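Note that the sequence shown covers residues 211 to 383 in the numbering used here. Ideal Cβ positions, reconstructed from N, Cα and C, are used throughout, including at glycine. A quick note: this is a predicted structure, and the numbers were derived from the prediction, not measured. Below is one structure; the comments refer to it alone.
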Amino acid sequence: MATRKIVIQGDELLTKKCRPVTEFNPRLHQLLDDMADTLEEAQGAGLAAPQVGILRRAVLVIDDDDKVMELINPEILLQEGEQTGPEGCLSVPGKFGMVTRPNHVRVRAQDRYGNWFEAEGEGLVARCFCHEIEHLDGHLYTEHIDRFLTDEELEAYYREQGYEMPDGEDEAE
Ligand code: NI
């Protein structure tokens, strides 16, 4: 298990446009493996390469079966519907804000060997696709919010939805 340090908001690395991945080599595979370890340790829902200081277009998204999806050079092909809910980010620890996103998203990406594939997501996975892909262009979810949620607001939201309150950063992306 090799984790990497997560870059925190305020660091210029999070504002840069990332370059495409062009070499699908062992170095990329090591990066992806380290990102997966980092994501697991942080208990996040997704992670983008710039969040570990690498300015390349690679992201991880946890799918509905709790498996790690690797998306290299991802592009959004289709977005439909709308959802509004609390969103967090491992680079903005302990904070959440209400963000409206499409409810259904289809993406195209390459796997770690360079093969193109398409993937679809609803709800949290769709939200995560959008959030992580924005990281690759130097954007954070905080650009979509006026303010952070208070703990009371976050608890009230989860109670309304009938969810268990996440402990710590479970829902952070
Ligand atoms: Ni994030």
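Requested in this report: Decide if the segment 300-309 is in contact with the segment 319-331; the criterion is three or more beta carbon pairs, one per stretch, under 8 Å apart.
Outcome: no
Report task. From the DSSP output, in three-state form, read off H345 for me. Result -> Locating residue 345 in the sequence shown gives position 135, counting from the first residue. Of the three classes helix, strand and coil, the one that applies to H345 here is helix, per DSSP.
Query raised in the report: Would you say L287 and R318 are within 8 Å of each other, going by their C-beta atoms?
Result: Reading the sequence shown from its first residue, position 77 is the one you call residue 287. Reading the sequence shown from its first residue, position 108 is the one you call residue 318. Yes, they are a contact pair.
**Report entry** CB-CB length for A268 against L241, believed under 8 Å
**Finding:** Here residue 268 corresponds to residue number 58 of the sequence shown, with the count starting at 1. Here residue 241 corresponds to residue number 31 of the sequence shown, with the count starting at 1. Taking 8 Å as the upper bound for CB-CB distance, A268 and L241 are in contact here, some 7 Å apart.
Query raised in the report: With respect to the alpha helix (DSSP H) encompassing T248, which residues constitute its N-terminal and C-terminal limits?
Result: As a position in the sequence shown, residue 248 is number 38, starting the count at 1. Residues P236 to A252.
Report task. Tell me whether E420 sits in a helix, a strand or coil according to DSSP, three-state version. Result -> No answer is possible for residue 420: it lies beyond the span of the chain, which begins at 211 and ends at 383.
Query raised in the report: Under 7 Å from any heavy atom of the ligand NI, does the C-beta of H354 make it?
Result: Reading the sequence shown from its first residue, position 144 is the one you call residue 354. Judged by the Cβ position, H354 fails to qualify as a neighbour of the ligand NI at the 7 Å threshold, every heavy atom of the ligand being at least this far.
**Report entry** Length of the line joining the Cα atoms of D347 and E222
**Finding:** Here residue 347 refers to the residue found at position 137 of the sequence shown. Here residue 222 refers to the residue found at position 12 of the sequence shown. When rounded, the distance between both Cα atoms is 12 Å.
**Report entry** Closer than 7 Å to the ligand NI: residues, by C-beta to nearest heavy atom, in chain order
**Finding:** Cβ atoms closer than 7 Å to the ligand NI belong to G256, A258, Q261, C299, L300, S301, H341, E342, H345, L350, Y351 and E383.
Query raised in the report: Can you give, in chain order, each stretch of the beta strand (DSSP E) that sits fully within the segment 299-326 and has at least 3 residues?
Result: 302-311 and 314-320
Report task. Give the range of the alpha helix (DSSP H) segment to which L364 is assigned. Result -> Sequence index remark: in the sequence shown, residue 364 carries index 154 (1-based). Looking at the DSSP string, the run of the alpha helix (DSSP H) that includes L364 is D361 to Q371.
Query raised in the report: Could you give the distance in angstroms between the alpha-carbon of E330 and the alpha-carbon of H314?
Result: As a first step, residue 330 must be located in the sequence shown, where it is residue number 120. As a first step, residue 314 must be located in the sequence shown, where it is residue number 104. Using only the alpha carbons, I get a separation of about 7 Å.
Requested in this report: Give the DSSP-derived three-state secondary structure of Q175 in the structure shown.
Outcome: Nothing about residue 175 can be reported from this structure: the residues present for the chain run from 211 to 383 only.
Query - Identified DSSP bridge partners for T294 - result: The residue labelled residue 294 in the question sits at position 84 within the sequence shown. Bridge partners of T294: T310.
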